[in-house]
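Input: a single structure, listed below in structure tokens.
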Amino acid sequence: MELPPAVLSTGQIDRILSAAGTARDRFLLALLLGTGLRIGEALGLRREDIHFLPDSQHLGCQIAGAHVHVRPRQNNSNGARAKSGRHRHVPVERRVVNAYRDHLVERDGVQQAAGCDFVFVNLASRHAGLPMSYSNAKQVIERIGNRCGFRARPHMMRHTAATAWIRAGVDPDVVQTLLGHVSAASTAVYLHASDDDLRAAVDLVAAGGNR
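Per our numbering, the very first residue in the sequence shown carries number 135; after that it's consecutive.
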């Protein structure tokens, strides 16, 4: 029997966001947890892909509400890739928007980043201002998880977002679109019943039989 993907609990989500040492890291985690983006998609984002105002028509975008555009690009200097190869947009919640604002303040303090259009850049050392790499992002997330006392990996954030949508009753077709899955089979991995589901099903039938 295939096991469901490893996900973070609500408490672990709060802890990992609080444990982030920089506004950049907090925004990266909030974005991954709130949108289900792949880490490569997040690291490939440019500032023009961030539409976090209620109305983006002045940007030539007719999509209402805060959202992020995931655009496949082949020329990312950090090697980041949007796996599906198709453009999509994903709505974002207020927590992600607020985290982005804090990130911009921090990012604007890195003089070397002024000429870089990537959303996520290195904040210090000789690589300051350059686009953040996958290995760097992976190490950052793993270190934050270690500080919290549990395992954390970039793709776990995507699993957590997808599982939360399914648990909230979002139609699997919608989840498939949000995740950018080409096949419904890729989304089906999140359709596992939890222990609570099993107990609720038995209790529901038992309650009906006792009437």
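Where a beta carbon is used, it is the ideal one built from N, C-alpha and C, also for glycine. Small disclaimer: the values here were computed from a predicted structure and weren't measured.
Asked	Found
List the residues that DSSP assigns as beta-bridge partners of ILE184.	VAL202
If HIS293 sits next to PRO139, beta carbons under 8 Å apart, how far is it from one beta carbon to the other, in whole angstroms?	4 Å
What's the gap between the Cα of HIS237 and the Cα of GLU227?	16 Å
Straight-line CA distance for HIS223 to SER317?	18 Å
What's the call for GLY249, buried or exposed, on a 16-neighbour Cβ count within 10 Å?	exposed
Could you tell me which residues DSSP puts in a beta bridge with PHE252?	ARG180
Can you tell me whether HIS201 is buried or exposed? The criterion is at least 16 other CB atoms within 10 Å of its CB, across all chains shown.	buried
Quick check: what's the CA-CA separation for GLY346 versus GLN146?	Any answer about residue 346 is impossible in this case: the structure gives the chain only from 135 up to 345.
Which ranges does the beta strand (DSSP E) cover as unbroken runs of at least 3 residues, wholly within the region 206-253, from first to last along the chain?	222-225
Measure the alpha-carbon distance for MET135 versus ALA157 and round it to whole angstroms.	With a pLDDT of 46 at MET135, under the threshold of 50, the modelled position of this residue cannot be trusted; read the value that follows with caution. Near 40 Å, if we compare the C-alpha coordinates of ALA157 and MET135.
Exposed or buried, which one is LEU177 when buried takes at least 16 other CB atoms within 10 Å?	buried
Just the C-alpha distance for ASN212 and ARG235, rounded to the nearest angstrom, thanks.	23 Å
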